[in-house]
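Number 230 in the working numbering belongs to position 103 of the sequence shown; there are no gaps in the numbering.
Don't be surprised by glycine CBs; every beta carbon is placed ideally from N, CA and C.
Just so we're clear, the structure is a prediction, and the values are computed from it rather than from any experiment.
Heads up, the thing below is written out as structure tokens.
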Amino acid sequence: GRFVIVNKAFAETMSLPPEAVVGLDGFLSVKNEALRQERRNHFAQVSATGAPARWVEESPSGWRDYSIYPVMSAAGKVEAFAVYSRYITAQKRLEAELQAYNAQLDHLVDERTNALRQAPRPVAVCRDTRPYRDPATQKRRDRNTRPARPGLTPCPAER
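Below you can see the structure in the form of structure tokens.
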């Protein structure tokens with residue numbers, strides 16, 4: 128895994144000029160053995176399948192989004208890799224903040240919902256004294272023969 132071409136932005140992540148990075152083994156620059164092995168596995172997968180791979184990784188320097196694309200030979204074999212990485216630590220921090228705000232909002236909504244569920248509800252059943260036409264017989268009847276539907280007329284105490 129030697130670097131053939133690198134851009135200035137990548138070289139700066141290694142605190143070197145681009146020409147000093149060319150020729151270095153990319154895996155040896157990774158100090159963490161587990162992280163190094165994980166990267167080797169991604170390259171092995173791309174080499175075996177010929178399909179690009181993408182992953183997000185956290186390292187001591189921050190979060191990075193990696194994409195690996197195989198460079199195929201005329202014979203159809205993977206002969207090199209094009210690797211793109213983006214530094215996404217600020218994005219990850221904002222995502223974490225947003226998750227914290229969402230959790231806080233969910234908590235506030237739950238608190239308010241529970242308070243509303245536990246609040247006593249006033250119930251008033253009143254009789255409407257106005258005459259009405261019975262839907263079954265179309266005759267006028269006195270409303271005192273049935274209770275009013277709640278909310279249609281105010282109770283005497285509310286008048």
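Membership of PHE137 in the alpha helix (DSSP H) is indicated by the continuous run 135-140. Relative to SER156, the option among ALA227, GLU185, ILE215 and GLY128 whose CA is nearest is GLY128.
Per DSSP, SER212 is one residue of the beta strand (DSSP E) stretching across 205-214.
With a cutoff of 9 Å on beta-carbon distance, VAL131 and ALA207 are scored as near each other. Bridge partners of ALA180 according to DSSP: ILE195.
In terms of CA proximity to ILE195, GLN172 leads the group SER186, THR216, GLU185 and GLN172.
Separation of ALA161 and ALA242 (C-alpha to C-alpha, rounded to the nearest whole angstrom) is 49 Å. Here SER174 is not bridged, per DSSP, to any residue.
A distance below 9 Å separates the beta carbons of TRP190 and TYR214. Under the criterion of beta carbons closer than 8 Å, PRO145 and GLY177 do not qualify as touching, at roughly 28 Å. Cα atoms of LEU151 and GLU222: separation of roughly 34 Å, rounded to the nearest angstrom. Its chain contains VAL148 and SER156 as the residues whose beta carbon lies nearer than 7 Å to that of MET141, once the 5 sequence neighbours on both sides are disregarded; these appear in chain order.
The beta carbons of TYR193 and VAL210 sit about 7 Å from each other, so the pair counts as a contact at 8 Å. For ALA263, no alpha helix (DSSP H) run applies, since DSSP gives it neither H nor E.
DSSP places ARG166 in the helix class (H, G or I) of the three-state scheme.
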